[in-house]
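Q: Structure provided below as structure tokens; questions to follow.
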């Protein structure tokens, strides 16, 4: 049986926030060739699971239901990059208020999934939502300067009221995400 490429995430669907992200992507596109994340796919990943079987989907869902999860406000703020400004591979939007709740959920989920045999992440969780995967930088100075100017940019606030277990199907046009399970 084929596996399902899956992850646990918080979807961001607020139109004002998505419009702000679109404007950021537009600005960055002046300095970089990148695969910009489609706004309908904009999310914060809590845990990437890799390839899992159908039965594991139910086990992960049960672990998600055990989380101490209540809805909360999340402030999206600031633009940054991985690994650093000298070598930019990924550009992301960060959080301020509520980011610690995302981190807490991710860490709690990590512990529960470890019991199911998932390997723990090597790096500590950093709440971020990828907005671009960089292919080629046209102007390193321009890009670094733009990211630096947006370091504390207010992007918007959303209410996090569900966690989703999602399937990721990779296609030549980009990934297609489907919600497999959701906990309100």
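Numbering (this note's numbering), first residue to last: 1436 to 1619.
Ideal Cβ placement from N, Cα and C applies to all residues, glycine included.
Under three-state DSSP, which class holds residue 1521?
A: Note: residue 1521 maps to coil in three-state DSSP.
Q: Taking Cβ to Cβ, would you say residue 1529 is nearer than 7 Å to residue 1507?
A: Not in contact: residue 1529 and residue 1507 (Cβ atoms no closer than 7 Å).
Q: Quick one, which of 1612, 1609 and 1601 has its alpha-carbon nearest residue 1618's?
A: With distances taken between Cα atoms, residue 1618 lies closest to 1601.
Q: Around the Cβ of residue 1611, are there at least 16 other Cβ atoms within 10 angstroms (buried) or fewer (exposed)?
A: By the neighbour-count rule (16 or more Cβ atoms within 10 Å), residue 1611 is not buried but exposed.
Q: At which residues does the alpha helix (DSSP H) containing residue 1571 begin and terminate?
A: Premise fails: residue 1571 lies in the beta strand (DSSP E), 1564 to 1572, not in any alpha helix (DSSP H).
Q: If residue 1441 sits next to residue 1479, beta carbons under 8 Å apart, how far is it from one beta carbon to the other, in whole angstroms?
A: The Cβ separation is near 15 Å, so there is no contact.
Q: Do residue 1501 and residue 1554 have their C-beta atoms within less than 7 Å of each other?
A: Not closer than 7 Å, so no.
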